[in-house]
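Participant: Quick one: this structure, given as C-alpha cells, is what I'll be asking you about.
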Amino acid sequence: MAMAMASRPDDGDATKRYPWYHNVTLEDVLPRRGFLFAEDHKIFDTVQDGLVAKWALHVATPWFEEYKIDEALAAVMNEFLRLLTIVRNPSGSCYLTEDQIDEIFEHAGQSFSWAEHLPKGFLSRLMGKMIRGRFVYVRLTEMRGMPESDVGKKTGQLAAAIDVWRREKPFEKPDESWTRMPAMFVDYAMERFIQGKGADVSDMKSSIFPVFIFEPSSLLLYQVPRYLCV
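Numbering (numbering that gives the first Met the number 0), first residue to last: 0 to 229.
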C-alpha cells in the first residue's frame with residue numbers, strides 16, 4: 000500500500016492551520032450513534048498512532064464533519080463487502096480468519112486516497128474497532144432494547160454496512176430470553192461486553208439469584224464478531 004508519510008504534517012503544523020485541531024481526538028470524530036465503546040477506549044495504543052489516523056480522516060474531511068467521516072468509513076466497508084464476493088477462504092469455509100479479514104480491509108483501503116495516509120495495518124485496526132463497537136451496541140439492544148435517544152433515528156451508513164456483513168440489526172425491544180433474567184445479571188453481562196470480556200458471568204456470586212453460564216460455543220458468538228464471507 001502506498002504511504003504518504005513524508006507529506007503528513009505533525010500535530011504542531013496542523014494546529015497552526017486549524018487552531019481547534021489539537022482539541023479533538025480520533026475517538027471524538029468517529030461515528031458514535033449506533034456504536035458502543037468503553038468510556039476510556041482508544042483505537043490505537045499510542046497517541047502518535049491515533050494522530051496518524053486522525054490526520055488521514057482530516058484529509059477526507061478537513062472539518063471532521065461526522066456525516067462525512069461516516070460516509071468515508073462506510074465506503075471502505077462497502078468496498079470490503081464487494082471484495083468478499085470475490086475472495087474465498089482457500090479451505091472452502093465461509094468463515095474467515097482475522098488475518099484474512101485484515102488483508103481484505105487493506106486492499107479495500109487502496110481505493111480511497113485518504114486511506115493512503117495510513118501505514119499498513121492501521122485501516123484494518125480502525126475498521127475492526129468500529130465493527131466491535133457496532134457488535135457491542137447490537138448486544139446492548141438485545142439485552143435492554145434500543146436506547147430511547149436512538150428510536151426512530153436513521154441508521155448511519157457505516158453501521159448499516161456493518162449490519163449487512165454481520166447479518167443482524169439492533170433490537171427495538173430486548174430479546175425475551177434477557178427479559179427473564181435478573182436486572183443485576185443483565186447489567187453485569189453488559190459491562191463485560193463493553194470491556195471485551197464476553198458474556199461468561201460464572202465469576203458472579205450471589206445468593207439472590209442463580210449464576211447463568213453460557214456453553215462455550217454460544218459464548219464465543221457473544222465474545223467476538225463472526226467473520227463471514229457473503
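Think of the CB as a built atom: it goes at the ideal place given N, C-alpha and C, for glycine as much as any other residue.
Bear in mind that the values here come from a model prediction, so they are computed numbers and not experimental data.
1) Taking Cβ positions, are Ala158 and Phe36 nearer each other than 8 Å?
2) Please return the same chain residues whose Cβ sits closer than 6 Å to the Cβ of Trp113, not counting the five positions on each side in sequence.
3) With the cut-off set at 8 Å, would you say Val135 and Ile42 are in Cβ contact?
4) Spatial neighbours of Pro173 within its chain, please: C-beta separation below 7 Å, excluding the five flanking residues on both sides.
5) Rounded to a whole number of angstroms, what is the C-alpha to C-alpha distance between Ile103 and Glu167?
6) Quick one: Cα of Phe208 to Cα of Pro181, how far?
7) Cutting at 6 Å between CB atoms, please list the residues of its own chain near Ala160, excluding the five before and the five after it.
8) Using three-state DSSP, classify Ile85 as helix, strand or coil.
9) Near Leu117, which residues of its chain fall below 6 Å by C-beta distance, leaving aside the five closest residues on each side in sequence?
10) As an exercise, report each continuous alpha helix (DSSP H) stretch of at least 4 residues that is fully enclosed by the stretch 168–193, in chain order.
11) Using the beta-carbon count (16 or more within 10 Å), is Ile100 buried or exposed?
12) Over the uninterrupted alpha helix (DSSP H) stretch that includes Met145, give me the two end residues.
13) Pull up the distance between the alpha-carbon of Glu105 and that of Arg179, whole angstroms please.
Facilitator: Once the coordinates are examined:
1) It is not a contact, given that the beta carbons lie outside the stated cut-off.
2) Ala55, Val58 and Ala59
3) no
4) Excluding positions up to five away in sequence, the list reads Glu141, Met142, Arg143 and Gly144.
5) 21 Å
6) Only weak support is given to the placement of Phe208: the predicted model assigns it a pLDDT of 35, under 50, and the value that follows is read from those uncertain coordinates. One C-alpha to the other measures close to 8 Å.
7) Ala73, Met76 and Asn77
8) coil
9) Ala55
10) Counting only runs of 4 or more, we get 175–178 and 182–193.
11) buried
12) Looking at the DSSP string, Met145 is not in any alpha helix (DSSP H), and its letter there is neither H nor E.
13) Those two C-alpha atoms are separated by around 43 Å.
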